[in-house]
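Working notes for the structure below.
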């Protein structure tokens, strides 16, 4: 039985179609990344799965239970880190976690849960006074309470510092290793790449791709990069730019970095360079995820900043 | 019963609100001071105390709805606006659990505050006048609680269908104006307007029972009638005068007991509608 199954799931707000006929199956035990730029419909999907909002059309099931017919049964098996939560009550962190555990009829020790997310020192402070990152950890601790069968995490790394992010990833991997299904939405590629078995890419309310990351890299056109370390300085790039399919070349010390329109061009590049100079090493980099994401979600203009390649290409000397 | 968890968490939160404690203290001090200053001239203490409680009913009728509305007007909408609802419904709670849990916690809060004010008043009365009509005190407490419950229920029902603070305030103020002010202030009283239409505009013969029945539709009138059920005979208010020269008895629907029906309708109908609506809307 799949952990999540949606059929033709559609949500319209007035005139806006937030989600358009989503057919998605997440198998039990997998870590599924739900990827897309802001406003693509990720949170809408999660809110539908939790019965916070009701579909205009279509159905959603969690572990075989229709989410509208029995939201309580769904919530009993799911740990949620929702979007747009707030800690407004005059309660300290420990009390929030204790409340979550009690409501889930779980016997977790709140202090142990807080320790897992690194909030031990803040346990006795009002949650309303926490920083965004700390609140995110607290909400995550509440989601972990009761060891749910499915973790639904909406943009879990929002507000987290690098330490918090790596802790989050470790916890997600731990839970996954213990058999928990994880469904996490993100617009940050590195996060998805670090923990997910499969990803679904959402664009303007439509699912544009579902595959493993490797499968996505192979199946889609995108830039491939090849790095050739030469025995001598590859002056002028050795004319690789003339090769059909090469989109750019740069020199970093004795290394020639060539970007190709698609992976099939790489062989031609190696042959070309080897005929002109001694090649010491060849490193082929997979299709850059940033590139892939931009391709899938409508170009860099439509993508958030984090999706833009971090290293600008260097010009040839 | 996760609605108990909802209510318990809400009460823990509310019990730490300084504003609520301050409000409870102010109201308690005011009624206790009033009870202390109240004196009779050449009257036996029991009569002084009886009059005191009869006057207190009028204070309750006007002030208690305000307190109940202030305590409850953001019970659900506040959670929705502040993001608490995402946490509540992310846990194994149904929407009904949240709705009824919030209703329960706000009712308990008002019941506790009311008990405080009544206990303080009773103590002052006992110390000052040496007598305490225990039955009347408990009776008035029960009537006040029923009256307060109507407004708590109404506020929770309204707040469940409202998404913003501004609208919640407007709904609370509106409820008070329509249900209390429109029945308490003489010139704009609904019953007076109906009478004016009936007799002045349409030129029909007076229908005093109709005007009274219209007036009775308000919980404000109902609480004054309900108080008659528990006050000593000498202190009962004549809310609806018997028609001059008419029969000695008012119709059943204008009797004191009928106030309980009025309370029940005002308590159940808004709450049921609010729940019905809350279970159907998108909560984001």
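Residue numbers (the numbering used here), protein chains in the order written: chain A, 246 to 562; chain B, 1355 to 1638.
Beta carbons are placed, not taken as given, at the ideal position from N, Cα and C, and that holds for glycine.
Keep in mind the model is a prediction, meaning the values are calculated, not measured.
When beta bridges are read from the DSSP output, residue 258(A) appears opposite 261(A).
Residue pairing for residue 270(A): DSSP places it in a beta bridge opposite 250(A).
The three-state secondary structure of residue 425(A), taken from DSSP, is coil. A direct Cα-to-Cα measurement between residue 489(A) and residue 454(A) gives close to 29 Å. Among the CB atoms of chain B, none fall inside 8 Å of the CB of residue 392(A). The C-beta separation of residue 1463(B) from residue 1414(B) comes to about 17 Å, leaving the pair out of contact by the 8 Å criterion.
Rounded to whole angstroms, the Cβ separation of residue 1494(B) and residue 1581(B) is 6 Å, and the two are in contact under 8 Å. Taking the Cα positions, residue 448(A) is about 29 Å away from residue 529(A). If you ignore the 5 residues before and after residue 300(A), its C-beta comes within less than 7 Å of the C-beta of 254, 255, 256, 293, all in its own chain and listed in chain order.
Inside the region 1500–1548 of chain B, DSSP marks no whole beta strand (DSSP E) run of 3 or more residues. Excluding five sequence positions before and after residue 1578(B), the CB atoms of its chain that fall closer than 7 Å to its own CB belong to 1411, 1415, 1591, 1593, given in chain order. Excluding residues up to 5 positions away in sequence, 1378 lie with their Cβ nearer than 6 Å to the Cβ of residue 1467(B) in the same chain.
Between the beta-carbon of residue 1548(B) and that of residue 1565(B) there is about 6 Å, and that keeps the pair under the 8 Å contact cut. Three or more beta-carbon pairs separated by less than 8 Å link the region 278–298 of chain A to the region 420–439 of chain A, which places the two stretches in contact. Taking C-alpha positions only, residue 391(A) is separated from residue 541(A) by approximately 37 Å. Rounded to whole angstroms, the gap between the alpha carbons of residue 1512(B) and residue 444(A) is 42 Å.
The three-state secondary structure of residue 1605(B), taken from DSSP, is coil.
With contacts defined by Cβ atoms closer than 8 Å, residue 501(A) and residue 482(A) form a contacting pair.
Listed along chain B, no residue sits closer than 9 Å to residue 420(A) by beta-carbon distance, the nearest being about 17 Å off. Rounded to the nearest whole angstrom, the C-alpha separation of residue 1436(B) and residue 422(A) is 35 Å.
Note: residue 500(A) is bridge-paired with 474(A), 497(A) in the DSSP secondary-structure output. Sequence-distant partners of residue 1631(B) (beyond 5 residues in either direction) whose C-beta falls short of 6 Å from its own C-beta, in its chain, are 1515. Rounded to the nearest whole angstrom, the C-alpha separation of residue 281(A) and residue 446(A) is 6 Å. Take residue 1390(B), set aside five residues on each side of it, and the residues of its chain with a beta-carbon closer than 7 Å to its own are 1478, 1482, in chain order.
Residue contact check for residue 355(A) against chain B: no CB pair falls below 8 Å. With distances taken between CA atoms, residue 284(A) lies nearest to 261(A) out of 278(A), 302(A), 261(A).
When DSSP states are grouped into helix, strand and coil, residue 278(A) belongs to the strand group. Shortest Cα-Cα distance from residue 473(A) to any of 336(A), 295(A), 334(A), 504(A) involves 504(A).
At a cut-off of 8 Å, the C-beta of residue 325(A) has a neighbouring C-beta in chain B.
Residue 408(A) sits exposed, since fewer than 16 C-beta atoms from the chains shown fall within 10 Å of its C-beta. Put simply, the backbone Cα of residue 368(A) is about 10 Å away from that of residue 375(A).
Under the Cβ distance rule, residue 347(A) counts among the residues neighbouring chain B, one pair being separated by less than 8 Å. In the three-state reduction of the DSSP assignment, residue 1419(B) falls in the helix class, which pools H, G and I. Of all alpha-carbon atoms in 479(A), 388(A), 462(A), the one lying nearest the alpha-carbon of residue 328(A) is that of 388(A).
Under the 8 Å criterion on CB atoms, residue 375(A) is classed as non-interfacial with respect to chain B. Annotation: Cβ neighbours of residue 1638(B) in chain A (cutoff 8 Å, chain order): 292, 297, 298, 329.
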